[in-house]
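Numbering (my numbering), first residue to last: 51 to 347.
Virtual Cβ for every residue (Gly too), placed ideally from N, Cα, C.
None of these values were measured; they are calculated from a predicted model.
This report concerns only the one structure given below.
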Ligand SMILES: [Fe+2]
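Shown next as structure tokens:
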């Protein structure tokens, strides 16, 4: 089709997207992409200079990706797209909530197995003691026993073990198994928030928008059991002042954990005063139990 104006151009491109190739889902996605992309360009009346700038940012994002850093994922989070994809794929309708959340860049496969009740503090790490009890159920509230539960979180300095030479290998990481009541429990220190990388294009966006770049403190959890969709999630620390300003838009009401502060001395050994407890229930959905690809080795 030789087009005559803007309207015809959008129609012509959509028609090509709709009819090219044999993959129906790919046709659907590309047609909708063109529809909304053209609508966006028309709505803001994108100038040639702005278009060039946009192209340059996309090139830079690719160039800023390495084996251990993904600027594109960071940008997707900074635009709320990662969270939108998570919500769409883990709820039944637009008003539904879920205990699933973003994977983040720091999950490692082959986390060492740990006994329920043990500590995942593997080297001297300052912080306030935290006791966590998790319950894993299906959608009917029935306990899910024998589920693999990977835990990982940052230290008080905001660093994960592989970012910090002062922490032992696999510090603040452990792989637990739920018991017959669907429960797992362990001891650690209270997680801390940390800055997302700001050297790249996503960081530039935040700076230009005067957005703060610290993620609120959270505990990462991955739950795996055949027959259920692998659940990746984060339970956010309830007293973190940045809960409503997460640069990655990950915090949902459902995922703000009730981290309870205890002032009294605990009978447990190696317990700080104050100390913290967290009791949280994770709800699995039926689905694919494949593990995600580890973002880091
Ligand atoms: Fe994290």
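- Query: With C-beta atoms as the reference, is residue 284 less than 8 angstroms away from residue 272?
  - Reply: no
- Task: Output the distance between the C-alpha atoms of residue 325 and residue 155, rounded to the nearest integer angstrom.
- Result: 28 angstroms
- Message: So the candidates are 286, 128, 291; which of them puts its Cα closest to the Cα of residue 259?
- Response: 128
- Return yes when the C-beta of residue 288 is under 7 angstroms from any heavy atom of ligand 1, and no when it is not. no
- Query: In the structure shown, what three-state DSSP assignment does residue 203 receive?
  - Reply: coil
- From the DSSP output, read off the bridge partner residues of residue 378. The structure shown does not extend to residue 378, since the chain spans only 51 to 347, so no value can be given for it.
- residue 238, buried or exposed, once every other Cβ within 10 Å from all chains shown has been counted against 16: buried
- Going by C-alpha distance, which of 328, 274, 56, 114 is nearest residue 93? 56
- Item | DSSP state of residue 257 mapped onto helix, strand, coil | Reduced to three states, the DSSP call for residue 257 is helix.
- Message: So the candidates are 64, 343, 208, 143; which of them puts its Cα closest to the Cα of residue 282?
- Response: 343
- Task: Give a single yes or no on whether residue 132 has its beta carbon closer than 7 angstroms to a heavy atom of ligand 1.
- Result: no
- May I ask which residues mark the beginning and end of the alpha helix (DSSP H) holding residue 128? 121–128
- Message: Taking 6 angstroms as the limit between beta carbons, can you name the residues of its chain near residue 183, skipping five residues before and five after?
- Response: 235, 329
- Message: The beta strand (DSSP E) that contains residue 268, what's its start and end?
- Response: 268–274
- Task: Confirm the yes/no value for this check: CB of residue 307, any heavy atom of ligand 1, distance under 7 angstroms.
- Result: no
- Item | Buried versus exposed call for residue 51 [16 or more other C-beta atoms within 10 Å across all chains shown] | exposed
- So, are the CB atoms of residue 186 and residue 341 less than 8 angstroms apart? Result no, Cβ atoms of residue 186 and residue 341 do not sit closer than 8 angstroms.
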